[in-house]
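Just so it is clear: in the sequence shown, position 24 is 27 by our numbering, and no numbers are missing.
Even glycine gets a Cβ: it sits at the ideal position worked out from N, Cα and C.
Single-structure report; data block below.
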Amino acid sequence: MRIARLPTDLFNLQTLITVLAIQVLPPAGGWQRTVEQFTNDYAPTMRKLSQRMMVLLIDFDNRENRLSYVESQIPDDLKEKVFILGVQSEPENLKRDINKSFEEIGDVLAQDCSDKTNELWEHELLKHNKTELERMIVSVKPFLFN
């Protein structure tokens, strides 16, 4: 099984580099473009590849309705295989807050998922991901973190 991740920007791309068994796609260039590219280019392919999952990494830009809007753009038949994660504001704010490089952040987040520690995931800028993260871990842990 493969997961394809469509990152919004370079930060999100760097965050993913350290996680194996994942196809990292080039940054789409913003959250709206990420959604467009997913629905236009990747959703049709996901229907042909029944085991494929997708993580959309977006910046929430402190917009409370961003998650619900992006969720509404995911076709119903793919909702169980698409996960939406991101920083509440801007990725650079998280980097500055915890004084780690984007690569180090990616390492810690992946390790948190594997270990079920979720220390960094509980950071103020990431804790809004809790429900989506739990849903994703159940789906990917058997093949990604064994």
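Limits of the unbroken beta strand (DSSP E) element including residue i
i   : result
G89 : 85-90
D62 : 56-62
Reduced DSSP secondary structure (H/G/I, E/B, other) of residue i
i    : result
N132 : helix
E106 : helix
R66  : coil
Span separating the alpha-carbon of residue i from that of residue j
i    : j    : result
K98  : A46  : 31 angstroms
I140 : D100 : 25 angstroms
N132 : W124 : 8 angstroms
S117 : N43  : 32 angstroms
M49  : N96  : 33 angstroms
R138 : E67  : 20 angstroms
The alpha helix (DSSP H) enclosing residue i, as first and last residue numbers
i   : result
W34 : 34-40
N96 : 94-101
P47 : 46-51
E74 : 69-76
Candidates the options: closest to residue i by CA position
i    : options               : result
S142 : K133, Q40, F86        : F86
T37  : K119, A113, F63, R138 : F63
Paired residues, beta bridge with residue i - DSSP
i    : result
Q114 : Bridge partners of Q114: none, in fact.
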